[in-house]
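Written below as structure tokens is the structure these notes are about.
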Amino acid sequence: MLPPQQQSRVGGLQTSLSLVSSDPRLSPEEPRSNSDNLRESPTESASSRETWPTADAIAAKKMENGKAEMDCPDQSVIRCVSSADKISLQDIARERVDIICEKMHHLPDEFLEELKNGLRVILEGGNGSQHREEFFILQKLVQSRSDLTAKTLIRAHRVQLEILVAINSGIQGFLHPSISLSQTSLIEIFVYKRCRNIACQNQLPAEDCTCETCANGNGFCNLCMCVICSKFDFEVNTCRWIGCDLCSHWTHTDCAIREQLICMGPSAKNGAGPSEIVFRCQACNRTSELLGWVKDVFQHCAPSWDGEALMRELDFVSRIFHGSKDPRGRKLYWKCDDLKEKLKSGKVESKAACRAILMVFQELELDSPKSLENAESGRLIAPQEACNRIAEVVHEAIRKMEIVADEKMRMFKKARLAFDACERELADKAREAGELKMDRQKKKLQIEELERIVRLKNAEADMFQLKANEAKREAERLQRIALAKSDKSEEEYTSNYLKQKLSEAEAEKQYLYEKIKLQETSRVSQSSSGVDPSSMLVYSKIHDLLYSVPPKADGQSNECHPFRTNP
1 MLPPQQQSRV
11 GGLQTSLSLV
21 SSDPRLSPEE
31 PRSNSDNLRE
41 SPTESASSRE
51 TWPTADAIAA
61 KKMENGKAEM
71 DCPDQSVIRC
81 VSSADKISLQ
91 DIARERVDII
101 CEKMHHLPDE
111 FLEELKNGLR
121 VILEGGNGSQ
131 HREEFFILQK
141 LVQSRSDLTA
151 KTLIRAHRVQ
161 LEILVAINSG
171 IQGFLHPSIS
181 LSQTSLIEIF
191 VYKRCRNIAC
201 QNQLPAEDCT
211 CETCANGNGF
221 CNLCMCVICS
231 KFDFEVNTCR
241 WIGCDLCSHW
251 THTDCAIREQ
261 LICMGPSAKN
271 GAGPSEIVFR
281 CQACNRTSEL
291 LGWVKDVFQH
301 CAPSWDGEAL
311 MRELDFVSRI
321 FHGSKDPRGR
331 KLYWKCDDLK
341 EKLKSGKVES
351 KAACRAILMV
361 FQELELDSPK
371 SLENAESGRL
381 IAPQEACNRI
391 AEVVHEAIRK
401 MEIVADEKMR
411 MFKKARLAFD
421 ACERELADKA
431 REAGELKMDR
441 QKKKLQIEEL
451 ERIVRLKNAE
461 ADMFQLKANE
471 AKREAERLQR
481 IALAKSDKSE
491 EEYTSNYLKQ
501 KLSEAEAEKQ
511 YLYEKIKLQE
521 TSRVSQSSSG
531 VDPSSMLVYS
541 KIHDLLYSVP
551 PKADGQSNEC
561 HPFRTNP
């Protein structure tokens with residue numbers, strides 16, 4: 001069985017017929033340096049890291065975002081959020097799903113992004129024990145809740161669901177802005193129905209495996225995770241992983257050494273003969289030989305390794321065969337140690353070391369018991385022994401055919417699972433498209449309703465403007481009528497005033513006429529009777545007094561007339 005190949009969701013795990021990934025998008029990352037060149041297994045597997053994406057990538061992403069905000073200050077406007085509306089990571093881990101979802105719908109996207117950034121900082125563990133304690137508290141709160149089921153999580157806010165999945169799995173990749181999974185996938189990952197490895201994403205249990213490890217419902221995926229630590233990484237074409245030849249489950253080399261699953265045992269092929277280094281799978285409790293495994297890895301992958309990768313792989317091989325007691329295992333162990341020392345001191349180049357280790361594998365193949373048997377095949381053998389050997393060859397051929405058939409069946413199941421995943425994803429996309437179409441129709445109806453209201457308001461405005469114009473014209477008409485009546489009243493007043501003055505002038509004329517007439521009468525009387533002039537003067541004054549009364553009375557009547565004034 002060959003090293004694991006991290007593939008896309010459709011490709012799954014590479015089979016034993018190929019060592020090189022067929023998907024260029026998922027090429028192996030730059031090999032990580034192995035700082036501990038000890039022969040004993042470390043306490044914690046160096047390859048059991050679930051950091052996706054790396055902290056450096058996230059830091060670079062933050063620096064780019066900060067630079068973009070400095071370049072465009074006008075675009076980095078964050079709405080103020082009151083303290084009553086704010087929520088914390090503890091609230092998300094503790095409160096009911098619908099309550100937090102309702103609050104998140106009223107919060108700005110910038111605040112929700114700050115929540116995700118805060119959880120990413122905690123998962124990175126930059127503050128040491130304090131961040132670890134905070135994460136353990138959050139994870140305990142989430143994992144102790146019984147209300148977080150697929151039925152309740154379907155109503156969760158997108159950011160709320162991402163935070164819950166990140167807390168439950170301890171993987172900050174679910175919070176990264178460049179990684180976007182469907183809500184259905186996030187829910188399945190939370191309830192352990194889908195692999196939490198973003199590069200795998202297979203339905204669980206993978207390949208419908210019924211072993212105890214896959215059936216315990218803790219989110220284990222036998223295509224990409226270690227049977228012991230249940231963690232995954234992105235190392236491929238390496239001796240860092242050991243695969244079981246029978247159940248196809250994978251184990252970190254460090255974990256296998258730590259748990260003493262690599263030990264001396266009978267040959268895994270025929271169960272007889274001398275002991276050799278074997279790997280006992282914890283999933284199926286059966287053994288697989290390791291010398292052939294290591295030889296296949298080096299033959300297929302060593303030409304593409306650089307000096308650092310070759311040094312790391314030689315260290316893995318030397319730690320695997322450190323406890324070997326058979327001659328071939330001891331020879332391989334000594335040769336790996338010798339090549340490591342030469343590579344460290346610079347006495348040999350990586351390509352020369354690669355050729356040397358491949359030559360060692362060829363020599364070990366010649367030293368194998370089967371080769372010794374072939375060397376002795378020149379002598380005559382008994383018919384019973386010949387039949388036994390023929391039966392052994394037939395059984396070996398049948399076993400290989402069964403392995404190939406199982407491999408083909410696994411490939412078929414894998415393709416079927418990938419097809420089902422595509423179907424589900426297509427259904428999710430169709431449902432999302434339907435929801436978007438319904439939202440678009442709702443928005444269209446709302447726009448039409450608003451346009452109808454606008455038309456109605458415009459019609460009302462036109463009607464009120466028309467009434468205002470009519471009222472303005474009526475006011476102008478009334479103003480003209482008032483001005484006309486005012487002019488007419490002025491004319492009537494002037495006419496009455498002139499008539500009054502004329503009547504007064506007539507009365508004055510009559511008065512003067514009467515006075516003149518009286519004076520003439522008086523002079524005639526005086527001349528005829530010879531009256532004393534002094535008495536005539538008195539008489540004239542009395543007469544003036546008597547005749548002066550009517551004009552005063554006329555003056556009083558003029559004061560009462562509304563259109564006249566005293567002269």
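Numbering of the sequence shown is given in full-length UniProt numbering, commencing with residue 1 and proceeding in unit increments.
For each residue, glycine too, the CB sits at the ideal point set by N, CA and C.
In this text, all values refer to a predicted model and were calculated from it rather than measured experimentally.
With fewer than 16 other Cβ atoms from the protein chains shown falling within 10 Å of its own Cβ, Q465 counts as exposed. Judged by DSSP secondary structure, E289 falls outside any alpha helix (DSSP H) and instead within the beta strand (DSSP E) spanning 287–289.
Taking 8 Å as the upper bound for CB-CB distance, V227 and L153 are not in contact here, some 29 Å apart.
The beta carbon of R240 sits closer than 7 Å to the beta carbons of S47, H252, T253, F316 from its chain, once the five residues preceding and following it are set aside; these are given in chain order. About 7 Å separates the beta carbons of E425 and S182, which is inside the 8 Å limit, making them a contact pair.
D306 and E124 have their C-alpha atoms spaced approximately 30 Å apart. Contact between the region 153–168 and the region 99–116 is established, with three or more Cβ pairs separated by less than 8 Å.
Around the beta carbon of V294, 16 or more other beta carbons lie within 10 angstroms, which makes this residue buried. Straight across, the Cα-Cα distance linking G217 with C301 is about 35 Å. Beta-bridge partners assigned by DSSP to W250: C226, G243.
In the structure shown, C263 falls within a strand segment according to DSSP collapsed to helix, strand and coil. Taking C-beta atoms under 8 Å as the contact rule, V278 and G265 qualify, at a distance of about 4 Å. Cα atoms of G219 and P108: separation of roughly 33 Å, rounded to the nearest angstrom. Taking C-beta atoms as the reference points, E259 and E276 fail to come closer than 8 Å. Counting the other CB atoms within 10 Å of its CB gives C224 a total of 16 or more, which places it among the buried residues. Nearest Cα to R196 within the set N237, M463, V165, T213: V165. In the structure shown, Q203 falls within a strand segment according to DSSP collapsed to helix, strand and coil. Ranking S350, E349, L112, S318 by CA distance to the CA of K335 puts S318 first.
Per DSSP, the unbroken beta strand (DSSP E) holding F279 starts and ends at 276–280. Annotation: V360 to H395 spans about 30 Å, alpha carbon to alpha carbon. In the DSSP assignment, no residue is bridged to R455. Here R194 is bridged, per DSSP, to Q203.
In the three-state DSSP reduction, D326 falls in the coil class, being neither helix nor strand.
Exposed is the label assigned to R473, since fewer than 16 other Cβ atoms lie within 10 Å of its Cβ.
Contact between the region 415–430 and the region 201–213 is present: 3 or more CB-CB pairs across the two stretches fall below 8 Å.
Ranked by how close their Cα comes to the Cα of I320, the residues K347, Y493, R280, N127 have R280 in first place. Spanning the alpha carbons of H176 and K442 requires a straight line of approximately 32 Å. Between I262 and E114, the alpha-carbon positions lie close to 47 Å from each other. For R328, the closest C-alpha among the options L310, E365, A353, I257 is that of E365. Counting other Cβ atoms within 10 Å of its Cβ, G434 stays below 16 and is therefore classed as exposed. DSSP, reduced to helix, strand and coil, places V236 outside both helices and strands of the structure shown, so it counts as coil. Per DSSP, D85 lies in no alpha helix (DSSP H) segment and is marked neither H nor E.
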